[in-house]
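One structure is given here, and the rest of the page talks about it.
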Amino acid sequence: MNASLANDYSGASSEAPVYELTNVSKTYARNAVIALENVDLTLRHGSFTSVIGSSGCGKSTLLKIMAGLIPPTKGRVILQDKPVTGPRRDIGMMFQQATLFPWKTAVENIVLPIEIRDGKAAAKQAREKAHDLLDIVGLKGFENVYPNELSGGMAQRASICRMLITEPAVLLLDEPFSALDELSRDMMNMELQRICREQDATAFLVTHSIQEAVILSDEIVVMKPRPGRIAEIVHVDLPRPRTLDMMTTPRFGEIVDHIRSMLDKGEDM
Amino acid sequence: MTDAPTNQRLEAEAADDTVWVQEVAFIDSVPRWIAMTFVFVVFIGTWDLVTRLELVSPIILPTPWETFDDMIFVGNNLLSGGYMLVSLWITVKEVIYGFALAITLGFSLGVLVGETVFGEKAVMPYLVAIDTMPKVAFAPLFVAWLGFGIESKVALAAFIATFPIVVGTAAGLHSADENARMLFKTMGASRMQTLIKMKLPTGLPQIFTGLKIGAVGVMAGAITGEFLGGGKGFGELIRVAASQLNTPRVFSLILYLSLVGLALYLIVQWTQRRIVFWQKESVGAHDN
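Structure representation (structure tokens):
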């Protein structure tokens, strides 16, 4: 265990960039609000990045731009060497609510992105892969269960599978476990870490919880509101794999305190 | 809550387990069929008493037994394929055609209003305006346009039943939450895919609520049409019986008619349970 700690020490910064944002700004013309100003951000392959900030700091705008849901007013948004000009299959997304559809079984929900993009026949072929993914998230045997019969945590596991089915290059996570109770949330965060490592995924998490950001991330983007901008990018040098025990270490506390002071500084929260 | 009994046991030092008795009122613990029979007997008994004491003129309110006799007479006529069955069939046809027309129109308009900004902005206000009118008042117009045959009744029945279906469909299409819309966007779904694979299934519970209200309205429309526009349907039988002051007949005809309405409602409900299998029963969920 100790030997692997050294190897697993967050070395993601040497990896190739997957997602690059350069000088991205977003102004909502309707009321001339500057939601984002000059955001520069690089997600490297296999890294886990979180963004944290008070409401109005532009983090959901940032996420929507990265998901290709809205265009930036200015700047370059490049994923895998191609500019993002709309939703793409190499972008996987997950929301606060599992958003599984009750008329579809777990497997049918998971292959939905394939069904939408490639049709029913392709979705049928993807079922086998969906079974494998359910196995990975610990939902083996729940293939043909309807979402009504799944608990909140199980539903979120299934929605992780749905996000992974298209093998996206980047995972955008919009407060994915904030609707769960605290115990399930901690457990799901550890699960998320494990899945990201197994899939060698590049992840980007929007969160309100400093602890959650620190325990999961290699880098934490701290944002400030009015106009939304990056205040600081904090590197988390806790060893990987992370465990929940690390939340009691002094280093963890230092990083949390540092981020909290950043968020408190002169900003009305 | 769970450790309360153990505490009590420690204090009492008694060997008996603490038993909590959930107080249930006697009237709520009676089995359903007994309760229903009880209400029925009270109803008939009161009815009988009122007529026996001649509190009401027999022309206005017949005795329950006269009504039962007449129900048997009407039942025999219906079963033996008499003139009443012919009338009933006419009314049933009006109801079926009217409902089919209302579903087609209501669903199409509902999609127009619920899915397009144009429909919501430009069509909905007119629908609301027409919906607030007393629709029965249009009956003479339908008769003038379509004559005394079943067409005018079908039109009125459909006219009344269309609006709840429009509202149900439009509300259903709007009921999809923000996350589901965003999810479909990130999957690159087309507008048609979003409508068919997400918004419509999401809205089915509301659509069926509209259909149920429409099913009730379509009966009312058909009978009102027959009252006001003549013809040979069941409504005409009721009108004639009433004009002859044959109140037992009116009562028994209404009861048979209500069976048609009930059947239509149950068909819609049965369909809903088959199609919207994921919807939890919420109405009348007292017996949990």
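Line order of the protein sequences matches chains A and B.
One point on numbering: in the UniProt record's numbering, the residue at position 224 of the first sequence is 224, and numbering is uninterrupted.
One point on numbering: in the UniProt record's numbering, the residue at position 3 of the second sequence is 3, and numbering is uninterrupted.
Idealized CB from N, CA, C, for every residue including glycine.
Exercise for the section: Flag this pair as yes or no: are the beta carbons of ALA155 (chain A) and PRO147 (chain A) separated by less than 9 Å? Expected result: Between ALA155 (chain A) and PRO147 (chain A), the C-beta gap is smaller than 9 Å, which places the two residues in contact.
Exercise for the section: Starting from the beta carbon of TYR19 (chain A), find every residue of chain B whose beta carbon is closer than 9 Å, and list them in chain order. Expected result: Going along chain B, no residue has its Cβ under 9 Å from TYR19 (chain A), so there is no contact; the nearest lies around 15 Å.
Practice task
Taking 8 Å as the threshold, find out whether the region 180-200 of chain B comes into contact with the region 126-140 of chain B through three or more Cβ pairs.
Solution key: Counting C-beta pairs closer than 8 Å gives fewer than three between the region 180-200 of chain B and the region 126-140 of chain B, which falls short of the contact rule.
Practice task
Count the other C-beta atoms from every protein chain shown that fall within 10 angstroms of the C-beta of PRO71 (chain A), then say buried if there are 16 or more, exposed otherwise.
Solution key: So PRO71 (chain A) counts as exposed.
Problem - Closest Cα partner of GLU37 (chain A) within the set A:TRP103, A:VAL24, A:ILE110 and A:GLN193 - result: For GLU37 (chain A), the nearest C-alpha among the options comes from A:VAL24.
Problem - Length of the line joining the Cα atoms of VAL250 (chain A) and LEU180 (chain A) - result: Note that residue 250 (chain A) corresponds to Pro in the displayed sequence, not to Val. A straight line joining the alpha-carbon of PRO250 (chain A) with that of LEU180 (chain A) spans about 27 Å.
Exercise for the section: For my contact list, ALA170 (chain B) and VAL113 (chain B) are in at a C-beta cut-off of 8 Å; report their separation, rounded to the angstrom. Expected result: Yes, they are in contact, since the Cβ atoms of ALA170 (chain B) and VAL113 (chain B) sit about 5 Å apart, within 8 Å.
Exercise for the section: Tell me the start and end of each unbroken alpha helix (DSSP H) in the region 208-261 of chain B that is at least 4 residues and wholly inside, in chain order. Expected result: The DSSP assignment places complete alpha helix (DSSP H) segments of no fewer than 4 residues inside the region 208-261 of chain B at 234-243, in order along the chain.
Problem - Straight-line Cα distance separating VAL222 (chain A) from GLY53 (chain A) - result: Their Cα atoms are separated by approximately 6 Å.
Exercise for the section: Classify GLU219 (chain A) as buried or exposed, calling it buried when 16 or more other Cβ atoms lie within 10 Å of its own Cβ. Expected result: With 16 or more Cβ atoms within 10 Å of its Cβ, GLU219 (chain A) is classed as buried.
Handout entry: Positions along the region 159-188 of chain B whose CB lies within less than 8 Å of some CB in chain A
Key = Contact annotation: in the region 159-188 of chain B, residues whose CB is within less than 8 Å of a CB in chain A are ASP177, ASN179, ALA180, MET182, LEU183, PHE184, LYS185, THR186, MET187 and GLY188.
Exercise for the section: Please classify THR85 (chain A): is it buried, with 16 or more other beta-carbons within 10 angstroms of its beta-carbon, or exposed? Expected result: Residue environment for THR85 (chain A): exposed (fewer than 16 other C-beta atoms within 10 angstroms of its C-beta).
Practice task
Tell me, please, whether the region 174-193 of chain A touches the region 202-219 of chain A by the rule of three or more beta-carbon pairs shorter than 8 Å.
Solution key: Counting Cβ pairs under 8 Å, three or more are found: they touch.
Exercise for the section: Check each residue of the region 190-203 of chain A: if its Cβ is closer than 9 Å to any Cβ of chain B, include it; give the result in chain order. Expected result: Within the region 190-203 of chain A, no residue has a Cβ that lies closer than 9 Å to any Cβ of chain B.
Practice task
On a CA-only basis, which of A:SER151, A:ILE255 and A:LEU134 is nearest ILE233 (chain A)? Give me that one, please.
Solution key: Distances from the alpha-carbon of ILE233 (chain A) to those of A:SER151, A:ILE255 and A:LEU134 put A:ILE255 closest.
Practice task
Step through the CB atoms of chain B and report whether any lies within less than 9 Å of the CB of ARG89 (chain A).
Solution key: True, the Cβ-Cβ gap to chain B drops below 9 Å.
Exercise for the section: Examine chain A for any beta-carbon lying closer than 9 Å to the beta-carbon of MET192 (chain B), and answer yes or no. Expected result: With 9 Å as the cut-off, MET192 (chain B) does not count as an interface residue toward chain A.
Practice task
Counting only the same chain and skipping the five closest in sequence on each side, list residues whose C-beta sits under 6 Å from that of LYS26 (chain A).
Solution key: Cβ within range, chain order: ALA35, LEU36, THR61, PRO72 and THR73.
Handout entry: Pair within 9 Å by beta-carbon distance, GLY188 (chain B) and ARG117 (chain A)
Key = Taking C-beta atoms as the reference points, GLY188 (chain B) and ARG117 (chain A) count as a pair closer than 9 Å.
Exercise for the section: Please list the partners that LEU69 (chain A) has in chain B, where partner means a Cβ-to-Cβ separation under 9 Å. Expected result: Under the 9 Å cutoff, chain B gives MET182, LYS185 and THR186.
Practice task
Taking ARG216 (chain B) as the reference, give the member of B:ILE196, B:GLU115, B:PRO205 and B:PHE159 with the closest Cα.
Solution key: Correcting the residue type first, residue 216 (chain B) is Val in the shown sequence and not Arg. Comparing Cα-Cα distances from VAL216 (chain B) to each of B:ILE196, B:GLU115, B:PRO205 and B:PHE159, the minimum goes to B:PHE159.
Practice task
Put ASP245 (chain A) into one of helix, strand or coil per three-state DSSP.
Solution key: If DSSP states are grouped into helix, strand and coil, ASP245 (chain A) belongs with the helices.
Problem - chain B contact for LEU5 (chain A) (CB, 9 Å cutoff) - result: Because LEU5 (chain A) sits at a pLDDT of 38, beneath the cut-off of 50, its placement in the model cannot be relied upon, and the following sentence gives the value as read from the coordinates. It does not; no Cβ of chain B falls within 9 Å.
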